[in-house]
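Asker: Sharing a structure, written as structure tokens. Questions coming.
In full-length UniProt numbering, the protein residues as written are 1 to 315.
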């Protein structure tokens, strides 16, 4: 045959390829290019992730009390034992868990409800979406300072409005339970819109035919949301709730700016306790031990819930 390949000639290269074997110089250049591209990110990762983690780990195993500089040295698990044995740790743990549960559940419920309302064409929906970005898009310190001024028992805008209509004016930041409630409300105000945007994107990705058929069968809007939409978005729900819960556990700036962890220790969460132990009591070793324990717990939670949900979302 005329098209038969000549004996001994190299096989034809696949379509779209040059058929040329890469030379060692080409491979070396490619390797150097990849190293150059990855080097900045590797340096940043080592500087801002690996080094702080190693530093915390080392401090947690040492006698590092700045009030007693002469007692430096290896401590083993002493810092962990002292941290776990502190009477205020259980209170801080229960407060953290309670605040996170209430805040995340409320944020998910309100955020999903708002997303359902914006799911279908609505007049002014673009304006509503723009307003939703403001709470978690605002500068955190400025937003929390504004809340602190509004919650001020003496002269705050909230108590001024209550007094104007003849209602009692409570001490939002001076009464323990009200201080906790105020912080939860601030967290909901800031992060419920984020849940709304995430859930709205998920709802808009679902096929309309399924919900049109359910509507023809007599399913109400609430039934279509609860029995059809949310089960279809189960991986997204698991991922966003887990990530939001982990982030809520790490909340510090809003608590410190609005209440400072007070009154007393009424709003002292685990993160606030770590800060006070390190910078008020100057017990760097014990603060590092508590921070390391919290990091391990959050890593396990993320690995158990967020990672599988993210894998299901990708597939």
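The C-beta atom is built at its ideal place from N, Cα and C for all residues, glycine as well. None of these values were measured; they are calculated from a predicted model.
Take residue 170 and list the residues in its own chain whose beta-carbon comes closer than 7 Å to its own, dropping the five residues that flank it on each side.
Answerer: Position 170 of the chain shown holds residue 170. Same-chain partners within the cutoff: 178.
Asker: Suppose you measure from the CA of residue 163 to the CA of residue 45; what does that come to, to the nearest Å?
Answerer: Here residue 163 refers to the residue found at position 163 of the chain shown. Here residue 45 refers to the residue found at position 45 of the chain shown. Using only the alpha carbons, I get a separation of about 53 Å.
Asker: Exposed or buried, which one is residue 261 when buried takes at least 16 other CB atoms within 10 Å?
Answerer: Taking the first residue of the chain shown as position 1, residue 261 is located at position 261. By the 10 Å Cβ count, residue 261 comes out buried.
Asker: Are there 16 or more other CB atoms within 10 angstroms of the CB of residue 195, so buried, or fewer, so exposed?
Answerer: By 1-based counting over the chain shown, the position of residue 195 is 195. Buried, by the Cβ-count rule.
Asker: Check whether the Cβ atoms of residue 213 and residue 104 lie closer than 8 Å to each other.
Answerer: Position 213 of the chain shown, counted from the first residue, corresponds to residue 213. Position 104 of the chain shown, counted from the first residue, corresponds to residue 104. No, the Cβ-Cβ distance between residue 213 and residue 104 is not below 8 Å.
Asker: Between the region 224–237 and the region 295–307, do three or more beta carbon pairs fall short of 8 Å?
Answerer: No: fewer than three Cβ pairs fall under 8 Å.
Asker: Grab the span of the alpha helix (DSSP H) containing residue 97 for me, first residue to last.
Answerer: One-based indexing of the chain shown puts residue 97 at position 97. Run containing residue 97: 87–119, per the alpha helix (DSSP H) assignment.
Asker: Which one of 41, 63, 211 and 173 has the shortest CA to CA distance from residue 255?
Answerer: Here residue 255 corresponds to residue number 255 of the chain shown, with the count starting at 1. Here the closest residue by C-alpha is 173.
Asker: Counting Cβ pairs, one atom from each stretch, are 3 or more of them under 8 Å apart for the region 236–248 and the region 90–110?
Answerer: Touching, yes, given that three or more Cβ pairs across the two stretches are closer than 8 Å.
Asker: I need the straight-line Cα distance from residue 5 to residue 210, nearest angstrom please.
Answerer: Start at 1 with the first residue of the chain shown, and residue 5 comes out as number 5. Start at 1 with the first residue of the chain shown, and residue 210 comes out as number 210. Bear in mind that the predicted position of residue 5 carries a pLDDT of just 48, short of 50, making it unreliable; the figure below should be weighed with that in mind. One C-alpha to the other measures close to 57 Å.
Asker: Three or more beta-carbon pairs under 8 Å between the region 281–300 and the region 61–73, yes or no?
Answerer: At 8 Å Cβ cutoff, the stretches touch.
Asker: When the Cα atoms are used, what is the spatial distance from residue 3 to residue 33?
Answerer: By 1-based counting over the chain shown, the position of residue 3 is 3. By 1-based counting over the chain shown, the position of residue 33 is 33. Confidence in residue 3 is poor, its pLDDT being 46 and thus under 50, which makes the residue's placement unreliable; the coordinate value appears in the next sentence. Cα-Cα distance, rounded: 42 Å.
Asker: Go ahead and label residue 186 buried or exposed: buried means 16 or more other beta carbons lie within 10 angstroms of its beta carbon, across all protein chains shown.
Answerer: Here residue 186 refers to the residue found at position 186 when the chain shown is read from its first residue. Label assigned to residue 186: buried.
Asker: With a threshold of 8 Å on Cβ separation, who are the neighbours of residue 224 within its own chain once the five nearest residues in sequence on each side are excluded?
Answerer: As a position in the chain shown, residue 224 is number 224, starting the count at 1. Result list for residue 224: 211, 214 and 215, in chain order.
Asker: Give the C-beta separation of residue 148 and residue 274 to the nearest angstrom, bearing in mind that I take them to be a contact with Cβ-Cβ under 8 Å.
Answerer: For the purposes of this step, residue 148 is identified with residue 148 of the chain shown, where counting begins at 1. For the purposes of this step, residue 274 is identified with residue 274 of the chain shown, where counting begins at 1. Incorrect: roughly 22 Å between the Cβ atoms, too far for contact.
Asker: Mind checking residue 201: buried by the 16 CB within 10 Å criterion, or exposed?
Answerer: Numbered from 1 along the chain shown, position 201 holds the residue referred to as residue 201. Residue 201 comes out exposed.
Asker: Assign residue 203 to buried or exposed, taking buried as 16 or more other Cβ atoms, counted over all protein chains shown, within 10 Å of its Cβ.
Answerer: In the chain shown, the residue the question calls residue 203 occupies position 203. The residue in question, residue 203, is buried, as its Cβ has 16 or more Cβ neighbours within 10 Å.
Asker: Starting from residue 248, trace the alpha helix (DSSP H) in both directions and tell me its first and last residue.
Answerer: By one-based count along the chain shown, residue 248 stands at place 248. First-last of the alpha helix (DSSP H) with residue 248: 234–249.
Asker: Quick check on this structure: which residue in 118, 251, 289 and 263 has the alpha carbon closest to the alpha carbon of residue 272?
Answerer: Locating residue 272 in the chain shown gives position 272, counting from the first residue. Among 118, 251, 289 and 263, the Cα nearest to that of residue 272 is on 251.
Asker: Kindly list the residues whose CB is nearer than 6 Å to the CB of residue 7, restricted to its own chain and excluding five residues on each side of it in sequence; keep chain order.
Answerer: As a working note, residue 7 is residue 7 in the chain shown. Only weak support is given to the placement of residue 7: the predicted model assigns it a pLDDT of 49, under 50, and the question is left unresolved by the model.
Asker: In chain order, what residues of the same chain lie with their CB nearer than 7 Å to the CB of residue 330, ignoring the 5 residues before and after it?
Answerer: Lying before the first or after the last residue shown, residue 330 is absent from the chain, which here runs from 1 to 315.
Asker: Between which residues of its own chain and residue 76 is the CB-CB distance below 8 Å, once the five residues before and five after are set aside?
Answerer: Counting from 1 along the chain shown, the entry for residue 76 is found at position 76. Contacts found: 61.
Asker: My guess is that residue 264 and residue 56 are in contact by the Cβ rule of under 8 Å, so how many angstroms apart are they, rounded?
Answerer: Against the chain shown, residue 264 aligns to sequence position 264. Against the chain shown, residue 56 aligns to sequence position 56. Residue 264 to residue 56, Cβ: 28 Å. No contact.
Asker: From the DSSP secondary-structure annotation, give me the bridge partner or partners of residue 65.
Answerer: The residue you call residue 65 lines up with position 65 of the chain shown. DSSP, once it has assigned bridges, lists 283 as partnering residue 65.
Asker: Mind checking which residues open and close the alpha helix (DSSP H) that includes residue 203?
Answerer: Here residue 203 is taken as the residue at index 203 of the chain shown, counted from 1. Note, residue 203: alpha helix (DSSP H), 176–204.
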